[in-house]
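Student: Under the numbering used here, the residue at position 117 of the sequence shown is numbered 251, and the numbers go up by one with no gaps.
Before we start, here is the structure in question, set down as structure tokens.
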Amino acid sequence: MAGLFLYALCGSLRKNSSNLALLEAIGAEARNGLGVEICTLIGDLPIFNPDHEGEVTPNAVLELAQKVRSADGLIISAPEYARGIPGGLKNALDWLVSRDELPHKPVMLVHASHRGDYALEALTEVLKTISVTLVDKAFFRINLLGKTPEQRRDILADRETRDMMRTHLETFITTIEFRAKFEV
Ligand SMILES: Cc1cc2nc3c(=O)[nH]c(=O)nc-3n(C[C@H](O)[C@H](O)[C@H](O)COP(=O)(O)O)c2cc1C
Numbered sequence: 135m136a137g138l139f140l141y142a143l144c145g146s147l148r149k150n151s152s153n154l155a156l157l158e159a160i161g162a163e164a165r166n167g168l169g170v171e172i173c174t175l176i177g178d179l180p181i182f183n184p185d186h187e188g189e190v191t192p193n194a195v196l197e198l199a200q201k202v203r204s205a206d207g208l209i210i211s212a213p214e215y216a217r218g219i220p221g222g223l224k225n226a227l228d229w230l231v232s233r234d235e236l237p238h239k240p241v242m243l244v245h246a247s248h249r250g251d252y253a254l255e256a257l258t259e260v261l262k263t264i265s266v267t268l269v270d271k272a273f274f275r276i277n278l279l280g281k282t283p284e285q286r287r288d289i290l291a292d293r294e295t296r297d298m299m300r301t302h303l304e305t306f307i308t309t310i311e312f313r314a315k316f317e318v
């Protein structure tokens, strides 16, 4: 796991986001030199416009693309908005669709609610369309919906929950390392 870098995309821009709390808790389980960084660029991206790709690609998009390129894998956690993917996250993915950073990139999807299956299904479909390597075995969900920050902290600090998060993270890392070793 030494030296690996995971980039985490949060579908919610809320400061007090439960999806962000989940991603932070996963990052806190990183061991042995594994780095987890949460993307802070999604809210800065302009609305996707194919006319603004290529040589006129906006700097914020180039910055995002560079981070994604340098990552050994992505972790994505997103709420459901109006039975769909949050616009900001979809916009970020749209900017990356025609580029070469995402295809075959290992992705771990997690979810911070017992609801939101429409968004999960749609996101899975989008990610498959972009040809990422979705590591299904690494998926897990924890219900943080409607919990206060204190309740969330308790849930995410629970030993069993932490063990579960670490096990799934290790599954993801093992898959990344296997794929790198055998170049699949
Ligand atoms: C505009 C809006 C639309 C929403 N639509 C849905 C929905 O269709 N289905 C659902 O399960 N939850 C829906 N929710 C609830 C959010 O998914 C839920 O509050 C989620 O935990 C927010 O994530 P966050 O804490 O990371 O910001 C919606 C919330 C907002 C603000």
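No residue lacks a Cβ here, since even glycine has one placed at the ideal position from N, Cα and C.
Note that the coordinates shown come from a computational prediction; the quantities given were computed from them, not determined experimentally.
Could you name the residues of the same chain whose beta carbon sits closer than 7 Å to that of Ala256, not counting the 5 residues immediately before and after it, in chain order?
Tutor: Once the five neighbours on either side are set aside, the close Cβ partners of Ala256 are Gly218, Ile219.
Student: Taking 6 Å as the cut-off, does the CB of Gly250 come closer than this to any heavy atom belonging to ligand 1?
Tutor: yes
Student: What's the call for Lys149, buried or exposed, on a 16-neighbour Cβ count within 10 Å?
Tutor: exposed
Student: Measuring alpha carbon to alpha carbon, tell me which residue in Ala253, Leu208, Gly161, Pro283 is nearest Leu268.
Tutor: Leu208
Student: Please go through the same chain and pick out, in chain order, the residues whose beta-carbon is closer than 8 Å to the beta-carbon of Ser232, but skip the five residues on each side of it.
Tutor: Pro184, Glu187
Student: Tell me the DSSP secondary structure of Thr267 in three-state form.
Tutor: Strand, per DSSP.
Student: Quick one: using the 10 Å Cβ neighbour count with 16 as the cut-off for buried, is Phe306 buried or exposed?
Tutor: By the beta-carbon neighbour count (other beta carbons within 10 angstroms, threshold 16), Phe306 is buried.
Student: Quick check on this structure: which residue in Gly221, Lys281, Asp292, Thr282 has the alpha carbon closest to the alpha carbon of Ile181?
Tutor: Gly221
Student: Run through the region 197-237 for me and flag every whole beta strand (DSSP E) of 3 or more residues, listed as ranges in chain order.
Tutor: 207-211
Student: Return yes when at least one heavy atom of ligand 1 lies under 6 Å from the C-beta of Ala159, else no.
Tutor: no
Student: Helix, strand or coil: how does DSSP classify His245 here?
Tutor: Reduced to three states, the DSSP call for His245 is strand.
Student: With a threshold of 6 Å, establish whether the CB of Asn153 neighbours any heavy atom of ligand 1.
Tutor: yes
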